[in-house]
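A.B. asks:
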Amino acid sequence: EGLDTIASEFEISLNDLIPGLERNKSGATERVKTVDYIFEEDKEKPMFPVFLKTKIGALPQLGRTVDTNLKVFDISEPVEYFNRDIITRVLTQVFTSPLDKLNNYLKASVSIGPLRIIPDSSFTPNPYPEQNGWFDGTSAWDKLCLSQQNDSDLIKKVSDWFSNRDKLNTNYNIFSGGEFDIKTSPQLLGLKDNVYFCKIDSSQMLFPNQVGVGLTQIAPLIIAANIVQDGLIAIEQPELHIHPALQLAVGDLFTQYPLDVKRPMFLVETHSEHILLRILKRIRQTTDNELPESNYPVKPDFISVIVFEDNNGSTVTRKIDITDDGDFKQKWPKGFFEERRGELF
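Residues in the sequence shown are numbered consecutively from 293, following my numbering.
1. When the Cα atoms are used, what is the spatial distance from N518 to N604?
2. To the nearest angstrom, how far is it from the Cα of V597 to the Cα of D613?
3. For A511, report the span of its alpha helix (DSSP H) as first-last.
4. Please classify G627: is it buried, with 16 or more other beta-carbons within 10 angstroms of its beta-carbon, or exposed?
5. Tell me the rounded alpha-carbon separation between V342 and Y397.
6. With three or more C-beta pairs closer than 8 Å as the rule, is the segment 496-514 touching the segment 397-409?
7. Quick one: using the 10 Å Cβ neighbour count with 16 as the cut-off for buried, is H566 buried or exposed?
8. How long is the line joining the alpha carbons of L507 and I534, rounded to whole angstroms?
9. My understanding is that T579 touches D616, with C-beta atoms under 8 Å, so please give their C-beta distance in whole angstroms.
10. Looking at the secondary structure, which residues open and close the alpha helix (DSSP H) in which D602 lies?
11. Bridge partners of L498, per DSSP?
12. Determine the extent of the alpha helix (DSSP H) in which R457 is found, giving its start and end residues.
13. In whole angstroms, what separates the C-alpha of V590 from that of I575?
14. By how many angstroms is the C-alpha of L540 removed from the C-alpha of R570?
15. For F415, which beta-bridge partners are listed by DSSP?
16. Starting from the C-beta of S439, find all residues in its chain whose C-beta is less than 7 Å away, skip the five residues before and the five after it, and write them out in chain order.
17. Just checking my contact of L524 with P500 at CB under 8 Å: how many whole Å lie between their CB atoms?
18. How long is the line joining the alpha carbons of L313 and Q529, rounded to whole angstroms?
19. Which residue's Cα is closest to the Cα of N424: F467, N361 and A526?
20. If you follow the beta strand (DSSP E) that R610 is part of, which residue opens it and which one closes it?
21. Does DSSP classify K475 as helix, strand or coil?
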């Protein structure tokens, strides 16, 4: 039972095939010679072609063991090397398990586009958020609104990112309509499924479309960062509509995860110098043991910077390596810093 047991049975059967060969000490040439020997010895023994049932083209049905043609053969007699169950499970491990893992990873991933919705008072959350709704941010707001029904602390986490002085420091908190006392204020019944922004020094509740556009544009990314654990978060231009101070904080959003917890991988398309500068600064502070107490270490191998550049009408990619001091080993990409330096000096 279980993959480990199956693997062990497979190894035992395989080792029985090659009794005189020490598996861990043999070279590739010895292995090939041994396999040739086995087939030479077994030419007179029955060998059957194995076919896999597929669903789409050459792809097998995912999420289950593979279907083979072995069922039609009479294998009631003892089989010297493998039994049908082991063969089926090994084939499943080879052909479908990698695809199952990839499928699960993609299902846990989200892609956020450059332009995201701005919910107003008429926004009604979808009780079943769809993955494709993440691209314009709709599913992010769905998740945030529905979290109050699931006794989730998502709203508190997102609110902390907006209000905390060491994070975005926007001077706004986020509240859910579920916190209203409907019994004493029945006129608020229709607002219980909404979320609201509220200035820290005010009691006025504001719909998302009543605050700065930048806050609503960055919200889906903050929500995704607090939901996705094992998957990928892809985002285009997170810096749109937000000023440099918020862009710096976004750099921390991508990196500030404890090392011992599950974390998403971020795939970011950006033109923001400020996001890059904050990440490089955290690497330098990690090396020099100067990180703020609330921050987690950031090392060069945590980050991969890929630049897309024009080369005589075609596009080429270039990887920029990062030093322990938080500097780029290669020159900065064209369009970064040189223009600003030219304007200043």
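Virtual Cβ for every residue (Gly too), placed ideally from N, Cα, C.
Computed from a predicted structure; not experimentally measured.
C.D. replies: With the structure as the only source:
1. Within the sequence shown, numbered from 1, the residue matching residue 518 stands at position 226. Within the sequence shown, numbered from 1, the residue matching residue 604 stands at position 312. If you take the alpha carbons of N518 and N604, they lie about 42 Å apart.
2. Taking the sequence shown and counting its residues from 1, the one referred to as residue 597 is at position 305. Taking the sequence shown and counting its residues from 1, the one referred to as residue 613 is at position 321. Distance between the alpha carbons of V597 and D613 is about 7 Å.
3. Counting from one through the sequence shown, the residue named residue 511 turns up at place 219. Unbroken alpha helix (DSSP H) run through A511: V505 to A517.
4. As a first step, residue 627 must be located in the sequence shown, where it is residue number 335. Exposed, by the Cβ-count rule.
5. Position 50 of the sequence shown, counted from the first residue, corresponds to residue 342. Position 105 of the sequence shown, counted from the first residue, corresponds to residue 397. So the alpha carbons of these two residues sit roughly 30 Å apart.
6. yes
7. The sequence position of residue 566 within the sequence shown is 274, counting from 1. It is buried - the Cβ of H566 has at least 16 other Cβ atoms within 10 Å.
8. Your numbering for residue 507 matches position 215 in the sequence shown. Your numbering for residue 534 matches position 242 in the sequence shown. Answer to the nearest angstrom: the Cα atoms are 8 Å apart.
9. Reading the sequence shown from its first residue, position 287 is the one you call residue 579. Reading the sequence shown from its first residue, position 324 is the one you call residue 616. Yes, T579 and D616 are in contact; Cβ-Cβ is about 5 Å, under 8 Å.
10. Here residue 602 corresponds to residue number 310 of the sequence shown, with the count starting at 1. Careful: D602 lies outside any alpha helix (DSSP H), inside the beta strand (DSSP E) at V597 to N603.
11. For the purposes of this step, residue 498 is taken as residue 206 along the sequence shown, with counting starting at 1. According to DSSP, which records beta bridges pairwise, L498 is partnered with F489.
12. If you number the sequence shown from 1, residue 457 lands on position 165. First-last for R457: undefined, no H or E at that position.
13. Taking the first residue of the sequence shown as 1, we reach residue 590 at position 298. Taking the first residue of the sequence shown as 1, we reach residue 575 at position 283. C-alpha separation (whole angstroms): 5 Å.
14. Counted from its first residue, the sequence shown places residue 570 at position 278. Counted from its first residue, the sequence shown places residue 540 at position 248. Near 5 Å, if we compare the C-alpha coordinates of L540 and R570.
15. Residue mapping note: residue 415 aligns to position 123 of the sequence shown, counting from 1. In the DSSP output, where bridge partners are listed per residue, F415 has none listed.
16. The count along the sequence shown starts at 1 and reaches residue 439 at position 147. Cβ neighbours of S439 beyond the five flanking positions: L446 and I447.
17. For the purposes of this step, residue 524 is taken as residue 232 along the sequence shown, with counting starting at 1. For the purposes of this step, residue 500 is taken as residue 208 along the sequence shown, with counting starting at 1. Going by Cβ atoms, the distance from L524 to P500 rounds to 26 Å, so no, they are not a contact pair.
18. Stepping through the sequence shown from its first residue, residue 313 is reached at position 21. Stepping through the sequence shown from its first residue, residue 529 is reached at position 237. Note that L313 scores 44 on pLDDT, short of 50, meaning its location in the model is unreliable; the coordinates nonetheless yield the value given after this. In a straight line, the C-alpha of L313 is about 57 Å away from that of Q529.
19. Within the sequence shown, residue 424 is the residue found at index 132, counting from 1. When only C-alpha atoms are compared, the closest one is A526.
20. As a position in the sequence shown, residue 610 is number 318, starting the count at 1. Looking at the DSSP string, the run of the beta strand (DSSP E) that includes R610 is S606 to I612.
21. The sequence position of residue 475 within the sequence shown is 183, counting from 1. Residue placement at K475 cannot be trusted, given a pLDDT of 48 that sits under 50; the coordinates are not used to answer.
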